[in-house]
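Participant: In this text, residue positions in the sequence shown follow this note's numbering: the first is 16, and each later residue adds one.
Before I ask anything, let me first share the structure, which is written out below as structure tokens.
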Amino acid sequence: MDKTYNPQAIEERWYSTWEDKGYFAPRGEGNPYCIMIPPPNVTGTLHMGHAFQDTIMDALIRYHRMLGDNTLWQPGCDHAGIATQMLVERQINKEGKTRHDLGRDAFLDRVWQWKEESGGNITRQLRRLGASPDWQAERFTMDEGMSRAVQEVFIRLHDDGLIYRGKRLVNWDPVLHTALSDLEVLSEEEDGNLWHFRYPLTDGSGSLIIATTRPETLLGDTAVAVHPDDERFSHLVGKTITLPLVGREIPIVADDYVDPEFGSGCVKITPAHDFNDHALGLRHKLEVINVLTDDAAMNDSVPEAYRGLDRYEARKRIIADMEAAGLLVETKAHKLMVPRGDRSGAVVEPYLTDQWYVDLTRDVQPDGRPGGHTAIIKPSLDAVASGRIDFVPGNWSRTYNQWLENIEDWCISRQIWWGHRIPAWYDDAGNIYVAESEAAVRTKYSLAADLPLRQDDDVLDTWFSSALWPFATLGWPEKTERLQTFYPGTVLVTGFDIIFFWVARMVMFGTYFMDGEVPFRDVYMHGLVRDSAGQKMSKSKGNVLDPLDIIDGIELEALVEKRTANLMQDHKAKAIEAQTRKEFADGIPSYGTDALRFTFASLASNGRDIRFDLKRVEGYRNFCNKLFNATRYVLMNTEGMDASDVPAELNPIDRWIISQLQHTEAAVATHIEEYRFDLAATALYEFIWNEYCDWYLEMAKPVLNGETGEAQKQATRTTLVRVLETTLRLAHPIMPFITEELWQQVAPLADKSGPTISLQPYPISDSQLVDEQALDEIEWVKQVVMGVRRIRAEMNINPGKRLPLYLAESSAVDKERLERHSELLTFLARLDTITVLDADAEAPESAVALVDQLKLLIPMAGLIDKEAELTRLTREIDKLTKLVTSLTGKLSNPGFTAKAPASVVEGEQRKLDDAKASLQQLEQQRERIAAM
């Protein structure tokens with residue numbers, strides 16, 4: 016095998032082999048085990064969140080594939096209606112055209128063309144991550160089978176009375192010209208103003224002062240509201256005011272919605288342009304007047320002076336006109352939550368339009384059939400309450416339940432072209448007919464052949480088709496073999512941020528269309544991947560990391576260019592460039608896929624956000640290198656070995672490592688089954704690095720290179736390769752590439768064969784192979800060796816210098832163990848002699864370490880220069896004392912702790928704690944040496 020570990024040399028080669036040979040396909044044996052990939056957007060690229068959750072899914076799939084389960088990891092992409100349409104429209108705009116210039120059919124042809132040429136980036140990147148889904152079964156939410164399933168669901172829900180069309184207030188994106196769900200609107204606090212206007216009472220007896228952040232909606236006011244218990248205004252309820260600039264007479268109403276403490280205590284009510292106002296308007300039967308176009312300009316319902324003005328231009332004009340009329344009381348700076356479309360970034364307007372909805376709130380329909388709450392929501396709540404679906408961690412079930420218990424009807428129509436077109440047709444009288452095609456409509460509703468019909472222009476919300484993913488990808492509505500085998504799925508792995516978008520909706524549709532059967536048994540909710548300081552990764556912050564840059568490496572200049580690309584503000588781009596150059600002076604080196612995957616696994620503690628630090632990746636790159644070099648050493652020492660030889664008897668170190676392996680096998684399996692990938696990674700790391708590489712390989716050297724018999728040498732060689740081969744299988748689900756490469760070299764020596772490690776049986780712990788006596792004895796040896804090494808470190812003794820060791824207060828057991836393992840102790844601890852002191856013997860002046868009651872004594876005479884060592888320690892103590900004083904002063908300064916980011920303060924506190932601990936150790940060491 017190669018002399019050095021080079022992940023690039025093995026990863027793409029092995030992935031091609033796995034995929035070409037069809038190793039990822041279900042094998043038809045064992046219990047079904049199915050994971051549905053959260054379909055990434057077809058426009059997307061692999062980001063850290065994808066890489067994290069796909070590592071978890073792949074580890075689970077590989078683990079169960081090796082257990083012999085019939086595994087399916089179902090891959091696919093989402094058509095991402097709004098995002099894809101925006102992307103293709105921008106391409107067309109660069110040609111000086113719009114989608115309307117092309118027309119619907121030609122535009123959709125362009126989208127499909129883009130999808131074929133560029134839409135597979137993320138799946139290619141997933142392959143680079145080592146993901147092993149059944150690529151032959153890859154699905155797309157707009158493919159023929161999925162499209163048929165979407166139509167079937169819409170038609171059945173409509174025929175069941177659970178989909179309806181109605182005029183409702185929606186979130187309207189005036190750039191994309193489409194309705195958005197609440198989940199597609201991002202609200203953030205921004206600086207704005209609160210304008211106070213005077214509204215005159217119609218009878219001339221006075222006026223009311225109202226406060227608003229959106230003066231342009233004044234033109235659509237149909238009431239002023241006050242709180243019913245507000246004594247300042249109770250005598251005015253029932254009177255009217257004359258709406259300024261419009262002249263319309265509108266009532267003063269009393270409603271509990273009004274906050275008497277906000278503004279003046281009087282609120283203008285615009286039912287067509289505010290969700291709360293709309294609800295109040297329904298309660299008081301107020302007129303609903305829409306004053307905006309779909310571009311968010313003023314329409315013909317407003318006075319002529321404002322028609323056609325953009326909403327913000329109209330705002331300026333209205334404020335100026337109110338001031339000219341003496342009706343502007345004051346303008347105050349005001350922080351407010353501004354809703355923006357998550358794709359366009361445009362400020363969203365509440366807007367009254369005709370849309371399609373899924374009924375989720377009625378218990379019973381007018382015709383007596385079950386309403387949406389009874390038919391859809393209640394079964395979804397029951398699925399979790401009954402334990403048929405378990406959330407991991409369990410606290411996320413409360414979030415799921417609260418959303419479903421307070422749900423509104425689901426607006427499923429979008430006014431774009433890319434997506435599943437709604438299968439509804441209209442005649443000239445406005446009657447609605449729903450079926451899969453115009454021909455089917457005419458047959459279903461017995462319509463005349465010459466009756467003009469037009470199809471609805473809207474498409475369905477992308478999340479509507481995604482909600483069908485667990486069963487439509489398996490062939491539904493046909494009762495396919497795959498559907499019968501793999502529905503319900505075993506586990507869903509996803510982020511908590513799409514519980515509402517996706518998880519709940521899959522449960523809604525799964526229980527409704529699959530005879531009450533849930534779509535999955537477990538929902539593993541992982542946290543968000545944040546940077547090392549705990550900040551959310553975002554392009555605007557310049558702290559985004561590309562997983563492929565970590566795998567393959569990237570030079571500094573390329574990284575700077577990537578992080579500053581498309582940033583509109585020069586000062587922000589310069590700040591990000593400076594930070595990037597400071598943080599990554601040499602760019603990002605190539606760490607390889609296995610190191611990145613192991614990092615993700617080690618950070619995957621239940622439900623917590625993940626602080627990602629490249630230093631951990633570097634550490635696990637070293638871990639991969641350690642495993643690689645250990646394998647080279649084992650192969651060099653077992654070359655030509657007869658793999659079929661079965662040792663007659665194993666020595667204690669062989670029995671010890673085999674016992675440790677059984678404990679590790681049990682721990683890793685338990686942790687994976689419980690979705691504690693962090694603990695599984697820790698168990699693997701501890702065994703491979705510490706037990707096998709650091710201890711067992713060292714313990715084996717005296718056997719392999721010493722005067723022991725050939726039978727004992729063969730026993731240790733056999734143990735070396737068989738434990739290593741098993742360990743590679745144990746680690747394969749998390750680190751697939753390096754384990755495959757090394758297994759191919761090691762397996763023949765361990766009497767194993769097969770085309771790939773990925774189809775080998777996963778190791779199962781065998782308690783009969785655990786030798787408690789060997790565990791106790793070798794643990795004693797380790798403690799003695801570590802005691803001697805601790806003395807070396809504390810006394811600054813040369814690591815290569817052989818030392819005399821005296822043992823005091825030794826028990827009979829200690830003496831027996833010393834007799835059996837003196838040669839091993841001498842080798843591992845680099846000892847010159849080992850002397851057991853009698854109970855009444857006087858011990859020399861020594862450094863001391865304890866192993867239970869056993870005292871380890873290293874005489875200091877002649878080993879160190881006492882005065883030189885005291886001088887060195889004093890110098891180190893002085894340096895640490897100054898650091899402790901400096902950090903203590905810094906952390907006691909309120910000016911620093913109040914202004915510095917919490918992560919910086921935490922970092923300084925950690926430095927102080929470490930410095931204090933080191934100072935205490937050095938002072939104790941100085942005292943010991945001074946006493947010599």
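Even glycine gets a Cβ: it sits at the ideal position worked out from N, Cα and C.
#1: Do the CB positions of Thr848 and Leu820 come within less than 9 Å of each other?
#2: When the Cα atoms are used, what is the spatial distance from Val718 to Gln939?
#3: Our contact map puts Glu231 next to Arg326 with C-beta atoms below 8 Å; I'd like the distance itself, whole angstroms only.
#4: Indicate whether Asp567 and Asn558 have their beta-carbon atoms separated by less than 9 Å.
#5: Just reading off the alpha helix (DSSP H) that Ile687 is part of, what are its end residues?
#6: In three-state DSSP terms, what is Trp433?
#7: So, does the stretch 589-609 touch the stretch 629-649, judging by three or more C-beta pairs under 8 Å?
#8: Does the count of Cβ pairs from the stretch 706-723 and the stretch 657-673 closer than 8 Å reach three?
#9: Check whether the stretch 748-765 touches the stretch 635-650, taking contact to mean three or more Cβ pairs, one atom from each stretch, closer than 8 Å.
#10: Under the assumption that Trp517 contacts Pro53 (Cβ atoms under 8 Å), give the Cβ distance between them as a whole number of angstroms.
#11: Can the beta-carbon of Asp382 be found less than 9 Å from the beta-carbon of Gly176?
#12: Cutting at 8 Å between CB atoms, please list the residues of its own chain near Met101, excluding the five before and the five after it.
#13: Compute the Euclidean distance between the alpha carbons of Ser933 and Leu895, then round it to the nearest angstrom.
#14: Which residues in the same chain have their Cβ closer than 6 Å to the Cβ of Ala945, if we skip the five residues on either side of it in sequence?
#15: Is it buried or exposed, His541, if we count other Cβ atoms within 10 angstroms and call 16 or more buried?
#16: Could you round the C-beta distance between His288 and Gly235 to whole angstroms and report it? I think they count as a contact, below 8 Å.
#17: Terminal residues of the continuous beta strand (DSSP E) containing Pro215?
#18: State yes or no: is the C-beta of Val306 within less than 9 Å of the C-beta of Leu172?
#19: Roughly how many angstroms separate the alpha carbons of Ser901 and Leu87, rounded to a whole number?
#20: Tell me, to the nearest whole angstrom, how far the beta carbon of Leu144 is from that of Thr99; I am working on the premise that it is less than 8 Å.
#21: Determine the direct distance from the alpha carbon of Trp491 to that of Arg626, and round the result to whole angstroms.
#22: In the structure shown, what three-state DSSP assignment does Arg835 receive?
#23: Let me check understanding here. Comparing Cα to Cα, which of Leu489, Ala696, Val575 lies closest to Ser620?
#24: What did DSSP end up calling Ile849 once you bin it into helix, strand or coil?
#25: Out of Gly296, Ala398, Met337, Val506, which one is the CA nearest neighbour of Trp210?
#26: Buried or exposed for Arg623, going by 16 or more other Cβ atoms inside 10 Å?
#27: Between Glu857, Lys905, Arg941, which lies nearest to Ile892 when the distance is taken from Cα to Cα?
#28: Please specify which runs of the alpha helix (DSSP H), each continuous and at least 4 residues long, are wholly inside the stretch 375-447, giving them in chain order.
#29: Quick check on this structure: which residue in Thr458, Gln470, Met810, Ser316 has the alpha carbon closest to the alpha carbon of Arg436?
#30: When the Cα atoms are used, what is the spatial distance from Trp440 to Phe169?
#31: In terms of residues, what are the limits of the alpha helix (DSSP H) holding Tyr635?
#32: Name the DSSP bridge partner or partners of Gln509?
#33: Within the chosen definition, does the stretch 71-81 reach the stretch 109-129 through at least 3 CB pairs nearer than 8 Å?
#34: Report the partner residues of Ser222 according to the DSSP bridge assignment.
#35: Would you say Pro148 and Pro90 are within 9 Å of each other, going by their C-beta atoms?
#36: Would Arg578 and Glu592 qualify as a contact pair, given that the criterion is a beta-carbon distance under 9 Å?
Facilitator: In terms of the structure at hand:
#1: Within the sequence shown, the letter at position 833 stands for residue 848. Within the sequence shown, the letter at position 805 stands for residue 820. In this structure, Thr848 places its C-beta atom within 9 Å of the C-beta atom of Leu820.
#2: For the purposes of this step, residue 718 is identified with residue 703 of the sequence shown, where counting begins at 1. For the purposes of this step, residue 939 is identified with residue 924 of the sequence shown, where counting begins at 1. Approximately 39 Å between the Cα atoms of the pair.
#3: Here the question's residue 231 lines up with position 216 in the sequence shown. Here the question's residue 326 lines up with position 311 in the sequence shown. The C-beta separation of Glu231 from Arg326 comes to about 5 Å, placing the pair in contact by the 8 Å criterion.
#4: Walking along the sequence shown from the start, residue 567 turns up at place 552. Walking along the sequence shown from the start, residue 558 turns up at place 543. At the C-beta level, Asp567 and Asn558 stay beyond 9 Å of one another.
#5: The residue you call residue 687 lines up with position 672 of the sequence shown. Counting along the chain, the alpha helix (DSSP H) containing Ile687 begins and ends at 667-688.
#6: Stepping through the sequence shown from its first residue, residue 433 is reached at position 418. It is coil, neither helix nor strand.
#7: Because the criterion of three Cβ pairs below 8 Å is met, the stretch 589-609 and the stretch 629-649 touch.
#8: Segment contact: the stretch 706-723 against the stretch 657-673, three or more CB-CB distances shorter than 8 Å; contact assigned.
#9: As far as the Cβ criterion goes, the stretch 748-765 touches the stretch 635-650, which means the pair count is three or higher.
#10: Position 502 of the sequence shown, counted from the start, is the residue given in the question as residue 517. Position 38 of the sequence shown, counted from the start, is the residue given in the question as residue 53. Between Trp517 and Pro53 a beta carbon distance of about 7 Å is seen, short of the 8 Å cut, so the two are scored as contacting.
#11: Position 367 of the sequence shown, counting from 1, holds the residue named residue 382. Position 161 of the sequence shown, counting from 1, holds the residue named residue 176. The answer is yes: Cβ separation under 9 Å.
#12: The count along the sequence shown starts at 1 and reaches residue 101 at position 86. Closer than 8 Å at Cβ, skipping near neighbours: Leu191, Arg358, Ser359.
#13: Within the sequence shown, the letter at position 918 stands for residue 933. Within the sequence shown, the letter at position 880 stands for residue 895. Cα to Cα, the separation comes out at about 8 Å.
#14: Position 930 of the sequence shown, counting from 1, holds the residue named residue 945. Excluding sequence positions up to five before and after Ala945, its CB lies less than 6 Å from no other CB in the same chain.
#15: On the sequence shown, residue 541 is found 526 positions in, with the first residue counted as 1. His541 sits buried, since 16 or more C-beta atoms from the chains shown fall within 10 Å of its C-beta.
#16: Within the sequence shown, numbered from 1, the residue matching residue 288 stands at position 273. Within the sequence shown, numbered from 1, the residue matching residue 235 stands at position 220. Contact between His288 and Gly235 is confirmed by a C-beta separation of about 6 Å, below the 8 Å threshold.
#17: As a working note, residue 215 is residue 200 in the sequence shown. Counting along the chain, the beta strand (DSSP E) containing Pro215 begins and ends at 200-215.
#18: Sequence index remark: in the sequence shown, residue 306 carries index 291 (1-based). Sequence index remark: in the sequence shown, residue 172 carries index 157 (1-based). If you check the CB distance, Val306 and Leu172 do not come in under 9 Å.
#19: In the sequence shown, the residue the question calls residue 901 occupies position 886. In the sequence shown, the residue the question calls residue 87 occupies position 72. When the Cα atoms are used, Ser901 and Leu87 turn out to be separated by approximately 58 Å.
#20: Locating residue 144 in the sequence shown gives position 129, where the first residue counts as 1. Locating residue 99 in the sequence shown gives position 84, where the first residue counts as 1. 23 Å between Cβ atoms; not a contact.
#21: Counting from one through the sequence shown, the residue named residue 626 turns up at place 611. Counting from one through the sequence shown, the residue named residue 491 turns up at place 476. CA-CA distance, Arg626 to Trp491, rounds to 40 Å.
#22: Against the sequence shown, residue 835 aligns to sequence position 820. When DSSP states are grouped into helix, strand and coil, Arg835 belongs to the helix group.
#23: Within the sequence shown, numbered from 1, the residue matching residue 620 stands at position 605. When each option's Cα is compared against that of Ser620, the closest is Ala696.
#24: Position 834 of the sequence shown holds residue 849. Looking at Ile849 - three-state DSSP - the assignment turns out to be strand.
#25: As a working mapping, residue 210 is identified with position 195 in the sequence shown. The residue with the shortest Cα to Cα distance from Trp210 is Met337.
#26: Along the sequence shown, read from residue 1 onward, the residue named residue 623 stands at position 608. The residue is exposed, with fewer than 16 neighbouring Cβ atoms inside 10 Å.
#27: Sequence index remark: in the sequence shown, residue 892 carries index 877 (1-based). Cα-wise, what sits closest to Ile892 is Arg941.
#28: Every alpha helix (DSSP H) stretch that sits fully inside the stretch 375-447 and reaches 4 residues is listed by chain position as 393-400, 411-420.
#29: Taking the sequence shown and counting its residues from 1, one reaches residue 436 at position 421. Answer by Cα proximity: Gln470.
#30: Reading the sequence shown from its first residue, position 425 is the one you call residue 440. Reading the sequence shown from its first residue, position 154 is the one you call residue 169. Cα-Cα distance, rounded: 13 Å.
#31: Within the sequence shown, residue 635 is the residue found at index 620, counting from 1. In the DSSP assignment, Tyr635 falls within the alpha helix (DSSP H) that extends over 629-653.
#32: On the sequence shown, residue 509 is found 494 positions in, with the first residue counted as 1. Per the sequence shown, the amino acid found at residue 509 is Thr instead of Gln. In DSSP, Thr509 forms a bridge with Met540.
#33: Contact fails: fewer than three Cβ-Cβ distances are below 8 Å.
#34: For this step, residue 222 is matched to residue 207 along the sequence shown. Pro215.
#35: One-based indexing of the sequence shown puts residue 148 at position 133. One-based indexing of the sequence shown puts residue 90 at position 75. It is a contact, given that the beta carbons lie within the stated cut-off.
#36: As a working mapping, residue 578 is identified with position 563 in the sequence shown. As a working mapping, residue 592 is identified with position 577 in the sequence shown. Taking 9 Å as the Cβ cut-off, Arg578 and Glu592 qualify as a contacting pair.
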